[in-house]
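This report refers to the structure that appears directly beneath it.
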Amino acid sequence: MKRYLPIPMMLAALPALVLFSCNKYLDERPEKTTVVISSLDDVQKLLDKNDVINQGSVHSLLEMVSDDYYVTSSELSSLNKQQRENYLWDPSAYMDNAWTTTYQRPVYYANIILDQLPGLTIKAIDRTRYDELYGAALFFRSWGFYHLAQLFCKPYSGKNAQEPGIVLRLSAAILDKSVRSTIQRSYDQIIGDLKLAAEKLPEAVNFPTRPNKAAAFGALARVYLSMGAYAEAGKFADSCLIRNNELMDYNLLDSNSTIPFVRFNKETIFYSTLALENIVTMNYAKTDTNLLASYQSGDLRRGMFFASNPNGTVYFNGSYEGSSWVQLFNGIATDEIYLIKAEAAARAGNTGLAMQTLNHLLTFRWKAGEFTELQASTPGEALGLILTERRKELLFRGLRWTDLRRLNEEGYGISIKRLFNGQEYTLPANDPRWVMLIPPSIMSSTDLSQNPR
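The C-terminal position of the sequence shown is numbered 456 in our numbering, with every residue numbered one higher than the one before it.
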């Protein structure tokens, strides 16, 4: 007999702020938290809890600590302590929900499915569907693990491989002891699960809230890019674009619309949004002025991505989430994959392919008749242009933080700064604060090692 007990129902109904207590999630497994799956339909219902698994399953701390935006001193003073301290990279800053949201949502739900699916008796005719659902669960767990790694581990590199990684929760058994893996082991798990997911997932799905093969390949391209494994990133970007290479022509969109982009637009391969904190919403976050100045006349993104406040400051209004509230999309879209393909080509020394790929994207972003193709004579020049356009195309998607970390691992030496009440705050390249603290509520209930300061 199929039964769904109270905790999953609560998970679907309550915001991330009030999901399970941290201690209960890590240290207890009361019987009432059990979910019993008795059919493939049950699995699909769990995977389709979009408000739990897709919406807000990755925390906006990824955006909060990046340099896409600034907040005025008076507005920052009105926000809570955790938001203020993270914005200023205070050495003691932490964010409770950045850890718990992802473990309690995609990771926990995926593990319920992965634990129980093998115990189901299915007919031979249902084997393909079984595999697809198993692949979807692997995808969601890997999606969660990857984004946790961007916050709570050092960036991937050979020298960091044996440093502390994330807690790899591979079972829904809450009593399992929490142990940090290494960074190498963390990424091995993420990549292994995504590759297996790619084998099992279908080519097509009814809604982009459900992952398909293109989503798995796109996720692999994103992961490998963050690792500096550019050849692999390019390979999986190609595998993704073979399945979906569509781009929106911004000439055909209304830049005066309150909601410039529709949800599930044709560039959306996989739909996911960040769990928002007030500081990164349009009510507080002002677009970085240097970033804003980088858009030239004729670049339609200036009108599509931004809107003006009465005082002349500018806020981001270009999320592919496509709602009136304008949540922040952090899923996978074809524009990101084109940029990964272009960067991988440049780093492989293929200047021609790199620029061809970049210019193809930009023709869909500029006013018709006004775009002049960008030129580069060396791979280094091409890379510089691609990174500039990546910055302008993928803002407010939770990607900038990872980009800064990986580029600093390569010696770019990028520091970022804030100004608050006349005082400048700086996050130097390769400072320990590029890795977030594990929240005290987690530390007090586990034996995990804390990230250094």
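C-beta atoms are modelled at their ideal positions from N, C-alpha and C, and glycine is treated no differently.
- In the structure shown, Ala310 falls within a strand segment according to DSSP collapsed to helix, strand and coil.
- Counting along the chain, Ala278 sits inside the beta strand (DSSP E) bounded by residues Thr276 to Ala278.
- Ile419 is bridged by DSSP to Leu430.
- Counting along the chain, the unbroken alpha helix (DSSP H) around Tyr341 starts and ends at Thr337 to Arg350.
- The three-state secondary structure of Pro263, taken from DSSP, is coil.
- For Gln330, the number of other beta carbons within 10 angstroms of its own is at least 16, and it is reported as buried.
- Burial is judged here by how many other beta carbons sit within 10 angstroms of a residue's own beta carbon; Pro211 has at least 16 and is buried.
- Within 10 angstroms of the beta-carbon of Asp70 lie 16 or more other beta-carbons, which makes it buried.
- Across the set Ala232, Leu388 and Met439, the C-alpha of Ala232 shows the shortest separation from the C-alpha of Glu413.
- Collapsing the DSSP output to three states places Trp437 in a helix.
- The three-state reading of DSSP puts Arg368 in coil, since its state is none of H, G, I, E or B.
- If you draw a straight line from the Cα of Gly147 to the Cα of Ala175, it comes to about 14 Å.
- Ranked by Cα distance from Glu427, the options Ser76, Gln58, Glu66 and Gly138 are led by Ser76.
- For Tyr318, the uninterrupted beta strand (DSSP E) run begins and ends at Val317 to Phe319, by DSSP.
- Fewer than three Cβ pairs drawn from the segment 249 to 257 and the segment 194 to 212 lie within less than 8 Å of each other, which leaves the two stretches out of contact.
- The continuous beta strand (DSSP E) containing Gly168 extends over residues Pro167 to Val170.
- Beta-bridge pairing by DSSP links Tyr72 to Thr290.
- A distance below 6 Å between beta-carbons, with the five flanking residues on each side excluded, links Trp92 to the following residues of its chain, in chain order: Leu430 and Arg436.
- Put simply, the backbone Cα of Lys269 is about 38 Å away from that of Asn163.
- A Cβ-Cβ distance of about 6 Å is found for the pair Phe374 and Thr366, placing them in contact under the 8 Å criterion.
- A Cβ-Cβ separation of about 7 Å places Ala200 in contact with Ser145 under the 8 Å criterion.
- Three or more pairs of CB atoms, one per stretch, sit closer than 8 Å, so the segment 405 to 422 contacts the segment 213 to 233.
- Inter-residue distance for Phe399 and Ala236 is about 22 Å (C-alpha atoms, whole angstroms).
- As computed with DSSP, Asp191 is found in no beta bridge at all.
- Within the DSSP bridge table, the entry for Gln58 names Thr276 as partners.
- The C-beta distance from Ala347 to Ala234 rounds to 7 Å, short enough to meet the 8 Å contact threshold.
- Going by beta carbons, Glu66 and Val283 fall inside the 8 Å limit.
- Remark: C-beta atoms of Asn353 and Glu376 do not approach each other more closely than 8 Å.
- Between Val74 and Tyr323, the C-beta spacing is not below 8 Å.
- Spatial neighbours of Asn433 in its own chain (CB-CB distance under 7 Å, excluding positions within 5 residues in sequence) are listed in chain order as Asn411.
- Taking C-beta separations shorter than 7 Å and ignoring five residues to either side along the sequence, the partners of Ile340 in its chain run Gly221, Ala224, Ala240, Cys243 and Leu244, following chain order.
- Sequence-distant partners of Tyr106 (beyond 5 residues in either direction) whose C-beta falls short of 8 Å from its own C-beta, in its chain, are Tyr28, Gly147, Leu151, Val170 and Arg172.
- Taking each of Tyr111, Gln378 and Gly122 in turn and checking the Cα distance to Lys52, the smallest one comes out for Tyr111.
- Ranking Arg393, Phe332 and Asn333 by CA distance to the CA of Thr360 puts Arg393 first.
- Beta-bridge partners assigned by DSSP to Asp302: Trp369.
- Contact check between the segment 111 to 121 and the segment 43 to 59: three or more CB pairs, one atom from each, fall below 8 Å, which counts as touching.
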